[in-house]
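Residue numbers (my numbering): 3 to 401.
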Amino acid sequence: MHILPSRPPFSPTFVSHSPASSSSIVVSARVVRLRVTLFSMQDPRFQPNLSSTYQPIKCSINCNCDNEGVQCTYERRYAEMSSSSGVLGEDIVSFGNESELVPQRAVFGCETLETGDLYSQRADGIMGLGRGRLSVMDQLVDKRVIDDSFSLCYGGMGVGGGAMVLGAIPSPPGMVFTHSDPFRSPYYNIELKEIHVAGKPLKLSPKVFDQRHGTVLDSGTTYAYLPEEAFLAFKDVLIKKIHFLKRVHGPDPSYNDICFSGAGRDVTQLSKIFPEVDMVFNNGQKWSLSPENYLFRYTKVSGAYCLGIFKNADSTTLLGGILVRNTLVTYDRENDKIGFWKTNCSELGKRLNYVSAPPPSRLPSDSQNRSTEILPPVVPVDLSQNVFPGYGGSNTFGL
Numbered sequence: 003m004h005i006l007p008s009r010p011p012f013s014p015t016f017v018s019h020s021p022a023s024s025s026s027i028v029v030s031a032r033v034v035r036l037r038v039t040l041f042s043m044q045d046p047r048f049q050p051n052l053s054s055t056y057q058p059i060k061c062s063i064n065c066n067c068d069n070e071g072v073q074c075t076y077e078r079r080y081a082e083m084s085s086s087s088g089v090l091g092e093d094i095v096s097f098g099n100e101s102e103l104v105p106q107r108a109v110f111g112c113e114t115l116e117t118g119d120l121y122s123q124r125a126d127g128i129m130g131l132g133r134g135r136l137s138v139m140d141q142l143v144d145k146r147v148i149d150d151s152f153s154l155c156y157g158g159m160g161v162g163g164g165a166m167v168l169g170a171i172p173s174p175p176g177m178v179f180t181h182s183d184p185f186r187s188p189y190y191n192i193e194l195k196e197i198h199v200a201g202k203p204l205k206l207s208p209k210v211f212d213q214r215h216g217t218v219l220d221s222g223t224t225y226a227y228l229p230e231e232a233f234l235a236f237k238d239v240l241i242k243k244i245h246f247l248k249r250v251h252g253p254d255p256s257y258n259d260i261c262f263s264g265a266g267r268d269v270t271q272l273s274k275i276f277p278e279v280d281m282v283f284n285n286g287q288k289w290s291l292s293p294e295n296y297l298f299r300y301t302k303v304s305g306a307y308c309l310g311i312f313k314n315a316d317s318t319t320l321l322g323g324i325l326v327r328n329t330l331v332t333y334d335r336e337n338d339k340i341g342f343w344k345t346n347c348s349e350l351g352k353r354l355n356y357v358s359a360p361p362p363s364r365l366p367s368d369s370q371n372r373s374t375e376i377l378p379p380v381v382p383v384d385l386s387q388n389v390f391p392g393y394g395g396s397n398t399f400g401l
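Below is the structure:
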């Protein structure tokens, strides 16, 4: 994705895509008053003063304002204790040469300070895909340039790559769907009923997955977090299934990671050692996970892997990006459902570079790396008066 001010074009790299974030796009800006580096980036910082098309979002009753009472500000804090803050602005956003979607004016966060993992990663910002008037999805849907749906596909363990599609695409045969209630929480909820390990259900009440925010799908979170009761049941059954592997200490002494050695370095052979795990939804459909969907590689020990599912300090069930490796996930917001389809996301990303999502089939309605707790609170900001009319198109990204 590119932010295109008049001269020169600015092309930030968005490695982090967060469906849980309701903010739009966050890009890093140079802070003239400070002479220290506030963030780690791989591309030049966005400089609003060099753009003839940039407009600050003026202070109003609908937003938090800076100390001078001139411009809207934002602040986001994330569960792994990182944060991003800055001001809100608007400029022309381009979606790449492969896209049919013409450049659009969009509101985004112009970052002046970041901490934690956001500071240390090489990504230039975060692209918010959550529910909220400032998210990229909501802005494009409000402009009536795409249908109210998007899809993500993350590459497998140690492979990377993948694809992101903004707009609706045909569901592949065999895609498994679950209802997603937009009123259940501010996040993308799914209706998880049971977890099966090696074909047998864990001895849990379905109510365990419906506490507080329920079961939240957030590919912007790295790992998965279960309520204590569910985590202990899952961990105990898994350890019994692989009792022949050696337990080893994890990579970070600060965490009591559950790690095993002796499984071999070939990821494609892990299913011969580790059991298949099924997520069973209320409608009876099953989303099957292979070992790469719940393990991460312990790189300092050959053939060692650690459990990528942890106990949540919160009673919410939080399912992060590790669970959707090599899985096309469609967030069909128009029809309140989320679909899962196992595939090779690295190869899919290459193919989708030449395929665009179709334009909207109808006009949408005008209504509308390791954490220990559920997603952070989000401060709602209503900037509906700052939505600008747009043009037709759609967009596909390779990751």
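From the three backbone atoms N, C-alpha and C, an ideal C-beta is built for every residue, glycine too.
Asked, Found
"Euclidean distance between Cα positions of Val178 and His215", "22 Å"
"Pick from Asp212, Met83, Asp68 and Trp289 that is closest to Gly118, judged by C-alpha positions", "Met83"
"Cys112 to Val89 span [Cα, whole Å]", "5 Å"
"Span separating the alpha-carbon of Ala315 from that of Ser53", "45 Å"
"Presumed contact (8 Å Cβ cut-off) between Asp220 and Leu320, rounded CB distance", "6 Å"
"Validate contact between the stretch 199 to 215 and the stretch 294 to 306 using beta carbons, cut 8 Å, 3 pairs", "no"
"Best match in Cys308, Gln141, Asn346 and Gly341 for proximity to Asn258 [C-alpha to C-alpha]", "Cys308"
"Of the residues Asn346, Leu240, His245 and Arg124, the one placed nearest Thr270, counting alpha carbons only", "Asn346"
"Val167 versus Ser151 - alpha carbon distance", "9 Å"
"Reference Ala170, options Gly91, Pro184 and Ile148, closest by Cα", "Ile148"
"Euclidean distance between Cα positions of Asn69 and Tyr227", "38 Å"
"Residue range of the beta strand (DSSP E) that includes Val143", "It is not in any beta strand (DSSP E) - Val143 instead sits in the alpha helix (DSSP H) that spans Val138 to Asp144."
"Helix, strand or coil at Leu247 [DSSP, three-state]", "coil"
"Same chain, Cβ closer than 7 Å to Leu194, neighbours up to 5 away in sequence not counted", "Phe211, Thr217, Met281, Phe283 and Thr319"
"Distance CB(Ile197)-CB(Thr180) smaller than 7 Å", "no"
"For Ser273 and Pro293, believed in contact at Cβ under 8 Å, the rounded distance", "6 Å"
"Thr329 vs Phe312 beta-carbon contact at 7 Å", "no"
"Between the CA atoms of Leu120 and Pro46 - distance to the nearest angstrom", "16 Å"
"Ordered list of beta strand (DSSP E) runs contained in the stretch 132 to 213, each at least 3 residues", "151 to 156, 164 to 168, 178 to 181 and 194 to 199"
"Option nearest Val303 by Cα separation, candidates Ser62, Gly264 and Gly71", "Gly264"
"Coil, strand or helix - Ile128 by DSSP", "strand"
"In DSSP terms, what Ile94 is bridged to", "Arg107"
"Cβ separation of Lys1 and Gln73, assumed to be a contact under 8 Å, to the nearest whole Å", "Shown here, the chain extends from 3 to 401; a query on residue 1 therefore has no answer."
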